[in-house]
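Respectively, the protein sequence lines represent chains A and B.
Mapped onto our numbering, the consecutive letters of the first sequence carry residue numbers 320 to 1021.
Mapped onto our numbering, the consecutive letters of the second sequence carry residue numbers 43 to 443.
Where a beta carbon is used, it is the ideal one built from N, C-alpha and C, also for glycine.
On a predicted model such as this, the values are computed, not experimentally measured, just so you know.
Written out below as structure tokens is the structure these notes cover.
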Amino acid sequence: MTTTDTHCPYCSLQCGMRLRAPQAGRPEAVEVLERPDFPVNLGALCGKGRSAAAVLSPAARLTAPLVRDGRDGALREASWEEALERAATGLRAAQQRHGRDAAGVFGGGGLTNEKAYLLGKFARVALRSASIDYNGRFCMSSAAAAHRQAFGIDRGLPFPLADIPRSGCVILVGANPAATMPPAVRYLRELQENGGRLIVVDPRRTATAEPADLHLQPVPGTDLALALGLLHLVIADGHLDEDFIARRTSGFAAARAAAMAHWPERVERITGVPTEQLRAAVAMFTGAGTGMVLTARGPEQHSKGTDTVSAWINLCLATGNAGRIGSGYGCLTGQGNGQGGREHGQKADQLPGYRSIEDPAARAHIARVWAVPADELPRSGRSAYELLDTLGEDGGVRALLLMGSNPVVSAPRAGHVTERLGALDFLVVSDLVLSETAQLADVVLPAAQWAEESGTTTNLEGRVILRRKAVDPPPGVREDLYVLRELAARLGVRRGFPADPEEVFEELRRASAGGPADYAGISYARIEAEDGVFWPCPAVDHPGTPRLFLDRFATPDGRARFAAVAHRPAAEEPDAEYPWYLTTGRVVAQYQSGAQTRRVPELNRAAPGPFVELHPQLARRLEVAEGDLLAVTSRRGRAVAPARVTDTIRPDTVFMPFHWGGAGRANSLTNPALDPTSKMPEFKVCAVRVERAGVRPAEVTG
Amino acid sequence: MSRRIAVVGAGMAAARFAERFHALGGEAEVTLYGAEPRAPYNRVLLADVLTGRYDAEAITLPSGDAALRVGAEVGSLDTAARTLRLVGGEQQSYDQLVLATGANPVLPPIRGLRREPGGLKAGVHALRTVSDCRQLAEHAARARRAVVVGGGVLGVSAARALAALGLPVEIVHQGPQLIERQLDEQAGRALQGGLARLGVVTYCGNRARAVRGAERVTGVELAGGYLLETDLVVLACGVRPRTGLAHSAGLLVRTGVLVDDRLAASAADTYAIGDCAEHRGVVHGLAGPAWEQADVLAARLSGADPDAVFTGSRPLARLSAGPLEYAAFGEVADEGPGLDVLRLTDATRGSYKKLVLRGDRLVGGILLGDLATVGAFTRAYERDDPLPREPLHLLTTLGAF
């Protein structure tokens, strides 16, 4: 009986946990224990974390490779040799017929840094294809783009979570940590216990909004106007930090003009938030000494997500709330390695260390580390939705390697994306479970998971932490790093793809050195000794950087940049045919596409399936009651799920969680209108019709 | 040579058009010709520039990457030749023309308003431009008391602002109550009460007949013969579209420059938006509809949505002047066939709320003094949805969203 200190497999909080493994051969008997000394969660875990070991059970997961004979054959078990050979052949054949970019890679924000790094290298070196992106594009890409525009660097939080209770006032925008990362709620509670104020912006009065000092409940898709309206009042009511603006920022005049175009009465009309509440929010935020704004997917997953985040950053800059302890803008990243996953080369336009793939110096550096000629490195490829949207088409990807993602459930306009996946010549999926997407594959590779392999992740604070292997994977299951090594070898690249995670990390350190996300000074040993190391950490004797921007921002002139942004409507607003807003989100007992959590009985008991949340006024109007099956229809598809009637939601809006596939799949409805900068799709708002469904409950499955 | 769009006027509609045209990726050289000597600004905020809440420089609006010609008044147009001539004589050609000339304050028929020759008598002010505002603020600083002629939205805002500067203020209003175009009698009275608490006395049903004083204002004489002594007068008697330029260019003009749903005037490649435009018989004269028109025209001319049309607006009157606040729209009269009226009055808190329903539709409403439900109230009006039988949630937050 041994115990291993490691981290949770789920969200970006990456809570510390201790695993106690029984004798070999019974992985489902692994026990999850508290690890009280890890600073982020101090032992606390949510239901998902506590029950994480259930997914280790062979009953819940894949234990042998699967292959499909012919288009219409069923998946059957195969040897690793056969599966890998088929996978390599499928990728190679597409490239021979349609060119290098016809073989593509789609990654995930749940992959460790080592996997993300090696996956990017696999695409650029083994496939020499520009076609790679990942589901993190659907996660925090808008915040990342705004962050880089304003601060010159993108780290979700520029400060440790422990700074939150030291702030005077926190505005949480479209974030619901009570459901998405429950152990983080303690920081908000401590904030309020210390006398700090909490303002929550959300179209729903969530469990996070309930205890807030002020809850603003805007129309979905209007956070941008709201932020501009608050900045307007900051200016009008004399709360500008003129000294900070002069010393540490640039571009204020244009941002002020943009705010002048959003006066309170106009913002009230757009957002539905009374001016009185706008004034109260500004008074609270500016009266507190220090303030933070934290955004999550609510304001970010829009076709104007980047500008929306920029507007919230403007509010921080105008009030001097950045680069000082207890203040600043931060993004609550979603996926387990949402932060690290975006730094090391899974993104269509990036190389490791958060380098631009179009920057000649960055290309030269990475080419040296990879021992390839720089001019052989591909250029930028298509962003996630654009990549999925063109699968199987002329000029699109024909053969795809998909690792750690389940776009059949999680992509916008998922019905269309499913069709595109079906149009591929060849699909190979590496996953721990037979996800909805894996079910479409020609080859399925059963992957090891969190407790069965080591690797680093970078949590939402920018803290690089180490997951440690606690048990052996079941026979028949292999690690993703092994898969990449074997596929690269079969594609003719026999060097540079180590299967040992620490060896990969050592290479990642060299690759990231000198880049914005610099890991050069971080080692497995240091992570263990220091409870994680905050990047940038350019040298072994560098302490890491828990707090960014205290002296200067990471822009060329050291100043943070205001953005001149203007509100505009959502890509699709309600009309006579589709009269209601749909917004999508999460419930506490499920995680992302549910591929893992829907295989845990205790979580399924708590959250058995999808639902449609609507206000009693709307329910009366539609003449439906709690539990009635509702059909929700958009221009892209239809979803059916039972009604859940609650007065915590706006009467003009319905909400659906997106964790399920099948008839209740929320993403059948969502709009793939993309943000021009971040390429983020508009998950958080579209127009729908709602009516009683003409089907029986038995037809609806999770 | 790239396409040139000339915008005559550099007010709110012009700035919005230029900003949207640029944001939508429109490719053309856009030039704004403004008579005022400064960049476009937010006129809605002028009353609070007067109180000092906003710095006059700080209310500048964005205008995309348009070229700004300030102090450049356009004197004549030739829509056939596609040229315009500035008052100074300079001629410019264009491919498309946008008239956004705005409106002028109406000068009421009052004796002694002007000094001879030309111009307003010393101490008499309009409140339409930053320059008006600056002169008024300077004067207000040394004035002893003020009279505002006109009890519409602008008059009430101006009176409140002057009161905030510490002046005793009197409003002379010809109508039966304040802002009778947007409010009913009870709301008008409540507003009058609110103003009284700020030190503003209102005389409704009274007409100003003459401005007294030889060189400077000394008083305002009412039609009934009563004399209000004052050394400062603000004229707030409404505005009239500036159509002189369009008229001399031969464009069809009624109250405003006539435009269709494309916002096109009666000559090719000529458009009009904002306070100078008359669409389907309506001159809106409000910032909201002006910006909706600017958005439509920017979408059309930038190519972002060449088929965009303006089919009208559902304007909501929304005053927030210090402690005085209301939102109102539609038919607010009590009487009418088939109308139901719901009313909540709270004399202690000075709030007054009213819904006018026809069947299950909201056709008018007022929230005054307590705007906690303004979000739902506005939505209900904008969406024009059937309402539940007792739509109390639009009046109170108690027990309902």
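Of all alpha-carbon atoms in A:ALA340, A:MET336 and A:LEU332, the one lying nearest the alpha-carbon of VAL790 (chain A) is that of A:ALA340. Taking the C-beta atoms as reference points, LEU381 (chain A) is found nearer than 8 Å to VAL752 (chain A). Close to LEU358 (chain B), with beta-carbon spacing below 8 Å, are these residues of chain A in chain order: ARG588. Taking the Cα of THR415 (chain B) as reference, the smallest distance to any Cα among A:VAL823, A:GLU595 and A:ASP994 is reached at A:GLU595. Secondary structure note for HIS534 (chain A): its beta strand (DSSP E) is the uninterrupted segment 533-535.
Short of 7 Å from the beta carbon of ALA602 (chain A), and not among the five residues preceding or following it, lies no beta carbon of its own chain.
Only exposed fits THR353 (chain B), as fewer than 16 other CB atoms lie within 10 angstroms of its CB. In this structure, LEU381 (chain B) lies away from ALA229 (chain B), with their beta-carbon atoms at least 8 Å apart. The criterion of a C-beta distance shorter than 8 Å is satisfied by GLY781 (chain A) and TRP854 (chain A). Taking CB atoms only, VAL492 (chain A) has no neighbour in chain B less than 8 Å away.
When C-alpha distances from ALA252 (chain B) are compared across B:VAL242, B:ALA422, B:ALA265 and B:LEU361, the shortest belongs to B:ALA265. Listed as beta-bridge partners of PRO991 (chain A) by DSSP are no residues whatsoever. Using a Cβ-Cβ cut-off of 8 Å, ILE846 (chain A) does not count as an interface residue toward chain B, since no Cβ of chain B sits closer than that to its own. If only uninterrupted beta strand (DSSP E) runs of at least 3 residues are considered, those enclosed by the segment 954-983 of chain A are 957-964 and 972-976. In the DSSP annotation of this structure, TRP769 (chain A) is not part of any beta strand (DSSP E), being labelled neither H nor E. For GLU805 (chain A), no chain B residue has a Cβ inside 8 Å of its Cβ, as the nearest lies near 47 Å away. Residue state for GLN936 (chain A) is assigned as helix, using DSSP reduced to three classes. Assignment of PHE745 (chain A) by DSSP, reduced to helix, strand and coil, places it in the strand class.
Taking each of B:GLY161, B:VAL398 and B:GLY247 in turn and checking the Cα distance to PRO379 (chain B), the smallest one comes out for B:VAL398. Contact with chain A is absent for PRO331 (chain B), since none of that chain's Cβ atoms lies less than 8 Å from the residue's Cβ. Counting of Cβ neighbours within 10 angstroms places VAL140 (chain B) among the buried residues, the total reaching 16 or more. The beta-carbon of PRO430 (chain B) is placed less than 8 Å from the nearest beta-carbon of chain A. Within the segment 589-616 of chain A, the residues whose Cβ lies closer than 7 Å to any Cβ of chain B are, in chain order, GLY591, VAL592, PRO593, THR594 and GLU595. Across the segment 562-583 of chain A, CB contacts with chain B closer than 9 Å involve ALA572, ALA573, ARG575, ALA576, ALA577, MET579, ALA580, TRP582 and PRO583, in sequence order along the chain. Contacts between ALA883 (chain A) and chain B, judged by CB atoms closer than 7 Å, involve PRO104 in chain order. The contact set of ILE101 (chain B) on chain A, defined by CB atoms closer than 7 Å, consists of MET579 in chain order.
Between GLY723 (chain A) and GLY913 (chain A), the C-beta spacing is not below 8 Å.
Looking at the backbone, the Cα of THR605 (chain A) and that of ARG575 (chain A) are separated by about 17 Å. Nearest CB-CB separation between ASP521 (chain A) and chain B: not below the 8 Å threshold.
Taking a Cβ-Cβ threshold of 8 Å, the residues of chain A close to GLU61 (chain B) are ALA580 and ALA885, in chain order. Residues of chain A whose Cβ lies closer than 8 Å to the Cβ of LEU339 (chain B) do not exist; the shortest such Cβ separation is about 15 Å.
Inter-residue distance for ALA503 (chain A) and ALA469 (chain A) is about 26 Å (C-alpha atoms, whole angstroms). Comparing alpha carbon positions, the residue from B:ALA56, B:VAL189 and B:ARG202 closest to GLU212 (chain B) is B:VAL189. For GLY372 (chain B), no Cβ of chain A is located within less than 8 Å of the residue's own Cβ. Judged by their CB atoms, GLY834 (chain A) and TYR673 (chain A) are nearer to each other than the 8 Å cut-off.
Ranking A:GLY610, A:VAL688 and A:ASP324 by CA distance to the CA of LEU352 (chain A) puts A:ASP324 first.
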